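First the structure, in the form of structure tokens, and then the observations on it.
Protein chains: 4
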Amino acid sequence: MSFAFPIRIYWEDTDAGGIVFYANYLKFMERARTEWLRSLGIAQQQLRHETGGIFVVSETQLKYHRPARLDDQLLVTAELRQAGSASLIIGQRVLSNPEQKNAPENLPAHALLCEGTIRIGWVDAATLRPARLPPSVSAIFERLVIVRNSAGPGLSTVKP
Amino acid sequence: MSFAFPIRIYWEDTDAGGIVFYANYLKFMERARTEWLRSLGIAQQQLRHETGGIFVVSETQLKYHRPARLDDQLLVTAELRQAGSASLIIGQRVLSNPEQKNAPENLPAHALLCEGTIRIGWVDAATLRPARLPPSVSAIFERLVIVRNSAGPGLSTVKP
Amino acid sequence: MSFAFPIRIYWEDTDAGGIVFYANYLKFMERARTEWLRSLGIAQQQLRHETGGIFVVSETQLKYHRPARLDDQLLVTAELRQAGSASLIIGQRVLSNPEQKNAPENLPAHALLCEGTIRIGWVDAATLRPARLPPSVSAIFERLVIVRNSAGPGLSTVKP
Amino acid sequence: MSFAFPIRIYWEDTDAGGIVFYANYLKFMERARTEWLRSLGIAQQQLRHETGGIFVVSETQLKYHRPARLDDQLLVTAELRQAGSASLIIGQRVLSNPEQKNAPENLPAHALLCEGTIRIGWVDAATLRPARLPPSVSAIFERLVIVRNSAGPGLSTVKP
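If you read the protein sequences in the order shown, they are chains A, B, C and D.
Quick note on numbering: the first sequence equals residues -9 to 150 in this note's numbering.
Quick note on numbering: the second sequence equals residues -9 to 150 in this note's numbering.
Quick note on numbering: the third sequence equals residues -9 to 150 in this note's numbering.
Quick note on numbering: the fourth sequence equals residues -9 to 150 in this note's numbering.
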């Protein structure tokens, strides 16, 4: 199972349509990516201090399947799809959280609300020019890819 | 000690000054108020379905003492200051979280970053006209006030 | 030339990387789509009152080419790519505005910062179930498609 | 009449209550302050490059009188209330724009929706420590105060 981060919907996330504003799913995905990176030992603020580099997003693709509403509890996943020397492709899904109880709008547990593919690149923080990932960071993603591939042909390649 | 809700700072919360954008403290305070209400048994979405009313903010006062930064872990408190038949005054503080470790910018534990006083009123969701709080909700706040007053001098369970 | 809407970058739009936060381009594109629809005679709030329907986004694809910064002046375009009975595909670009003067970071006029493809669908506002576009709205998009096709090769007035 | 900046309400500004989310008035006020400063010849990004300093908000007080809704057109004012060597107090109002036509919710022209008092200080951008305003900036605010005071005793001091 991929990394999953819980998120609760607050007033700030919704719009006058009564549902979560479409841009905010990118916020939720960023939070989940940040926590996923942290779970791998990658603290972005610290890394910037040490290496002078930051991640920036270069491409996003989102499909919106079902709307989320105020008070909803969600899970946002993150999993590595592809790792290069200067960029990563990350797959993310926003699911309803099975622990959610007594919700006025009953979503089934793990209903898929939104799914996305995010490409992020590593850049120099001062010039924003693309740069190679720091070796310590690359090594982490290479290990992830090896684990995934060694899982054998019975498993989906996109599931670590 | 008053109710306290943990919040982590993500990229979305910061601005080009390298710190949290000033309006976002109102988001954090709203999240904490929502969870404080939930901890008291008040679910806003459900209450709207049942009573046709919602809370709206009518007044805010904020003082910004120290800036928060990316990756910071905060605690946002909420405590009842005053309860009327149609409105409440809530005191809130944003503090650095003592569990925060290895932060590049070392804030002392429980350093006060921001404090606010928020007045919220109860309105009809359709007309937005002020209305009396539902009795079930009023009763909860009355109990809180009684607990606070009976705590006596020396204790500060729900007192600032 | 497609519809273009001017946008200025404020503190709220930026993040601690010193550039515009990636989710905010979806805000800018939504503003430009709203004004584009308004320029075609489609006022969303009024339409909701009259028909009970609203537009919701079902798919987005964004490519980020160059970052925007505080004080930058941008143009956000919107043009119809495809019109169906219940959904539309809209192409959008975020460009530097040629009227921008004395900017610290000199972007060339009309430099492409971000481009996106947005699919929007028409839904019942209460149930959020997909529905056919109101005939008055469909007629507007059909006229646009005809104008585009009759423009012939060599012209690109409303062509992607 | 004080400086006034037009703002249109988009989906991003609203919440599930059908009205503008309370924190967003601080965004609108920041936009108006930025344009007011620009109208006085103060470009914040350029000033940061030249002096190493930025404005930060140290205090806000807001009163919310009437809600704004999707598609509403507003005017946000900004006027100097007080100028010190390291900080300013600015009065701001959010009004309905008299040019707004055919709005579903008819607000009277110049109806007061929200009013605020904002204290901003000048800080070193690197350390965020308070600092004296650059002389070129101070001179601008001193001239404003003189103009205001010379307007005579019949006029309110806080209304230029």
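Glycine included, C-beta positions come from ideal geometry on N, C-alpha and C.
Note that the structure is predicted; figures quoted are calculated from it, not measured.
Same chain, Cβ closer than 7 Å to residue i, five either side skipped, listed in chain order
i                  : result
Phe(-7) of chain B : Trp26, Ser29, Thr67, Ala68 and Glu69
Arg(-2) of chain C : Gln63
Gly31 of chain A   : Ile130
Ile9 of chain D    : Pro57, Ala58 and Arg59
Asp114 of chain C  : Gly42, Gly43 and Ala121
Tyr0 of chain C    : none
Under 9 Å by beta carbon: chain D residues contacting residue i
i                 : result
Val46 of chain B  : Gly7, Ile9, Tyr12, Tyr54 and Pro57
Ala115 of chain B : Gly7 and Gly8
Where residue i meets chain C, residues with beta-carbon distance less than 8 Å
i                : result
Leu60 of chain D : Gln34 and Gln35
Glu20 of chain D : Tyr0, Trp1 and Glu2
Contacting residues, own chain, Cβ-Cβ under 6 Å from residue i (five flanking each side not counted)
i                  : result
Ile151 of chain C  : Because chain C spans -9 through 150 in this model, residue 151 of chain C falls outside it and cannot be assessed.
Arg122 of chain C  : Ser75 and Ala76
Val135 of chain C  : Ala73
Asp5 of chain B    : Phe11
Phe(-5) of chain D : Ala22, Glu25 and Val66
Beta bridge counterpart(s) of residue i as assigned by DSSP
i                  : result
Trp112 of chain D  : D:Phe45
Pro(-4) of chain A : A:Leu65
Thr107 of chain B  : B:Gln51 and B:Gly81
Leu161 of chain A  : Absent from the model: residue 161 of chain A. The displayed extent of chain A is -9 to 150, so no value can be given.
Thr117 of chain A  : Per DSSP, none; premise fails for Thr117 of chain A.
Val10 of chain D   : D:Thr4
Leu102 of chain A  : A:Leu85
Per-residue contacts from residue i into chain C (C-beta, under 7 Å)
i                : result
Thr24 of chain D : Tyr0
Thr4 of chain B  : Asp5 and Ala6
Leu16 of chain A : Tyr12, Ala13 and Leu16
Cα-Cα separation, residue i to residue j
i                 : j                 : result
Lys18 of chain C  : Thr50 of chain C  : Before going on, a small fix: residue 18 of chain C reads as Phe here, not Lys. Straight-line Cα distance between these residues: approximately 13 Å.
Leu65 of chain B  : Arg71 of chain C  : 47 Å
Leu102 of chain D : Pro88 of chain B  : 42 Å
Leu16 of chain A  : Ala13 of chain C  : 6 Å
Ala22 of chain D  : Gly7 of chain D   : 25 Å
Val148 of chain D : Pro124 of chain C : Any reading at Val148 of chain D must be qualified, since the residue scores a pLDDT of 35, below 50, and its modelled position is unreliable; the value itself is stated next. Val148 of chain D and Pro124 of chain C: Cα-Cα distance of roughly 51 Å.
Thr223 of chain A : Glu20 of chain A  : Residue coverage of chain A in this structure runs from -9 to 150, which leaves residue 223 of chain A outside it and unanswerable.
Arg119 of chain C : His39 of chain C  : 17 Å
Glu2 of chain D   : Ser140 of chain A : 44 Å
Trp112 of chain D : Leu60 of chain B  : 22 Å
Ala33 of chain C  : His100 of chain D : 22 Å
Val127 of chain C : Leu37 of chain C  : 9 Å
Asp86 of chain C  : Pro98 of chain B  : The sequence as given places Ser at residue 86 of chain C; Asp does not occur at that position. Cα to Cα, Ser86 of chain C sits roughly 43 Å from Pro98 of chain B.
Gln35 of chain A  : Gln35 of chain D  : 23 Å
Residue i: contacting residues in chain C (beta-carbon distance under 9 Å)
i                 : result
Gln51 of chain A  : Glu49, Thr50, Gln51 and Leu52
Leu118 of chain A : Gly7, Gly8, Ile9, Arg56 and Pro57
Where residue i meets chain D, residues with beta-carbon distance less than 8 Å
i                : result
Leu65 of chain B : Residues of chain D passing the Cβ test: none, with the nearest at roughly 19 Å.
Same chain, Cβ closer than 8 Å to residue i, neighbours up to 5 away in sequence not counted
i                 : result
Glu105 of chain C : Leu52, Lys53, His55, Gly81, Gln82, Arg83 and Val84
Ala116 of chain C : Gly42
Glu132 of chain C : Ala73
Chain G contact for residue i (CB, 8 Å cutoff)
i               : result
Ala6 of chain D : Any reference to chain G falls outside this structure, whose protein chains are A, B, C and D.
Legend entry - Contained beta strand (DSSP E) runs [length at least 3] in the region 25 to 85 of chain D, N- to C-terminal order: 43 to 54 and 63 to 73
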